[in-house]
Amino acid sequence: MDESAYYLDKLAKRDIKPTAIRLLVLKSMMGAGRALSLLDLETMLDTVDKSTISRAITLFLAHHLIHSIDDGSGSWKYAVCDDSCNCEVQDLHSHFYCEKCHRTFCLKKTHIPVIDLPEGFTLDSVNYVLKGVCPDCARK
Ligand SMILES: [Zn+2]
Ligand SMILES: [Zn+2]
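The numbering used here numbers the first residue of the sequence shown as 12 and each following residue consecutively.
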């Protein structure tokens, strides 16, 4: 499978019609190796209209192609979901926010701990963000 077929397939799996911009946004997000804010994407794709990028993000979120992360930095970050992810509580993983470079990473192998709620409470979402120093910054 060549590279663009891979991205086309990812969109198709989430029932999203491919457009050049959507493919570009998805590619940038997957290539980044970290979660990106809208501003990050606007900077990376500076030839693309900002509202077009934000519409793609909204669509991706609605189709569970990506998930959003509130890392406490004040701007939402977005990262591409694994194919098996339905963005339900059991699919959720932890995130790591580096306090030095202010980048946020998905810790896909680190599932969030099981939360025992008191009776009557229904769990909808969990935001599990760990903070510290990333490997890049630790080496500096
Ligand atoms: Zn860092
Ligand atoms: Zn994530």
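Cβ coordinates follow ideal geometry from the N, Cα and C atoms, glycine included.
CB-CB length for residue i against residue j, believed under 8 Å
| i | j | result |
| --- | --- | --- |
| residue 88 | residue 48 | 5 Å |
| residue 142 | residue 110 | 6 Å |
| residue 70 | residue 27 | 6 Å |
| residue 114 | residue 74 | Residue 114 to residue 74, Cβ: 25 Å. No contact. |
Alpha-carbon spacing of residue i relative to residue j, whole angstroms
| i | j | result |
| --- | --- | --- |
| residue 112 | residue 93 | 25 Å |
| residue 150 | residue 68 | 33 Å |
| residue 122 | residue 108 | 16 Å |
| residue 83 | residue 137 | 14 Å |
| residue 54 | residue 144 | 24 Å |
| residue 35 | residue 130 | 45 Å |
| residue 81 | residue 134 | 17 Å |
Three-state secondary structure assigned by DSSP to residue i
| i | result |
| --- | --- |
| residue 120 | strand |
| residue 133 | coil |
| residue 69 | helix |
| residue 54 | helix |
| residue 128 | coil |
One or two residues paired with residue i in a DSSP bridge
| i | result |
| --- | --- |
| residue 140 | 106 |
| residue 77 | 91 |
| residue 194 | Nothing can be reported for residue 194, as the shown portion of the chain is limited to 12 through 151. |
| residue 48 | 88 |
Below-8 Å beta-carbon distance, residue i vs any chain D residue
| i | result |
| --- | --- |
| residue 61 | This model lacks chain D altogether; it includes just one protein chain. |
When the options are compared against residue i, the one with the closest alpha-carbon
| i | options | result |
| --- | --- | --- |
| residue 76 | 55, 98, 16 and 115 | 98 |
| residue 100 | 115, 127 and 42 | 127 |
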